[in-house]
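To start, the structure under review is shown below, and the notes come after it.
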Amino acid sequence: MRQLLSTFAMAAAIAAGGIAPAYAQRDPAYQAARQQGQVGEQPDGYLGIVGAASPELQAIVNNINIQRKRQYTQQAAASSTVEQMAFVTGCNLILRTAPGEKYRAPDGRWLTRGADAPVRDPRCL
Numbered sequence: 001m002r003q004l005l006s007t008f009a010m011a012a013a014i015a016a017g018g019i020a021p022a023y024a025q026r027d028p029a030y031q032a033a034r035q036q037g038q039v040g041e042q043p044d045g046y047l048g049i050v051g052a053a054s055p056e057l058q059a060i061v062n063n064i065n066i067q068r069k070r071q072y073t074q075q076a077a078a079s080s081t082v083e084q085m086a087f088v089t090g091c092n093l094i095l096r097t098a099p100g101e102k103y104r105a106p107d108g109r110w111l112t113r114g115a116d117a118p119v120r121d122p123r124c125l
């Protein structure tokens, strides 16, 4: 638990410090898929596909998730596991979704963000 809290602190510092992760550079195809509700953030820190996927959409999601895993691995090397880093980032990415965007709730359902805070894993700070 102590290490998980340490990981949360690291992720919060990264977010607050304005460090731009590789996956934050969004291409227009990704932005369109996100706005159309075809993709969404998941609690595990990776992007998911809502419903059926075209080969092009699957390639976009795979590319983003590969970049995310690379970054989680680099960040985790200092003080946590890749899974812990991905989880903490997933908590933060879901929190930063905009109204109308999709995200996956802890129970596995895809939800659309409303004006209220999204439903997140209770372990998220």
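By the working numbering, the letter at position 60 of the sequence shown is numbered 60, and the numbering carries on one by one without gaps. For each residue, glycine too, the CB sits at the ideal point set by N, CA and C.
Collapsed DSSP secondary structure at residue i in the structure displayed
i: residue 57; result: helix
i: residue 120; result: coil
i: residue 111; result: strand
i: residue 23; result: Below a pLDDT of 50, predicted positions are generally treated as unreliable, and residue 23, at 45, falls in that range; the measurement from the model is reported next regardless. Residue state, collapsed to three classes: helix.
i: residue 72; result: helix
Nearest neighbour of residue i, chosen from the options [CA to CA]
i: residue 84; options: 32, 104, 45 and 28; result: 45
i: residue 91; options: 35, 33, 122 and 58; result: 122
Opening and closing residue of the beta strand (DSSP E) in which residue i lies
i: residue 41; result: 39 to 41
Rounded separation between residue i and residue j - CA only
i: residue 107; j: residue 70; result: 27 Å
i: residue 43; j: residue 120; result: 7 Å
Contact between the region 67 to 81 and the region 107 to 118: three or more CB pairs below 8 Å? With a cut-off of 8 Å on Cβ pairs, the region 67 to 81 is not in contact with the region 107 to 118, counting fewer than three such pairs.
Under 8 Å, with one C-beta from each stretch per pair, do the region 87 to 96 and the region 49 to 56 reach the 3-pair mark? As far as the Cβ criterion goes, the region 87 to 96 does not touch the region 49 to 56, which means the pair count is below three.
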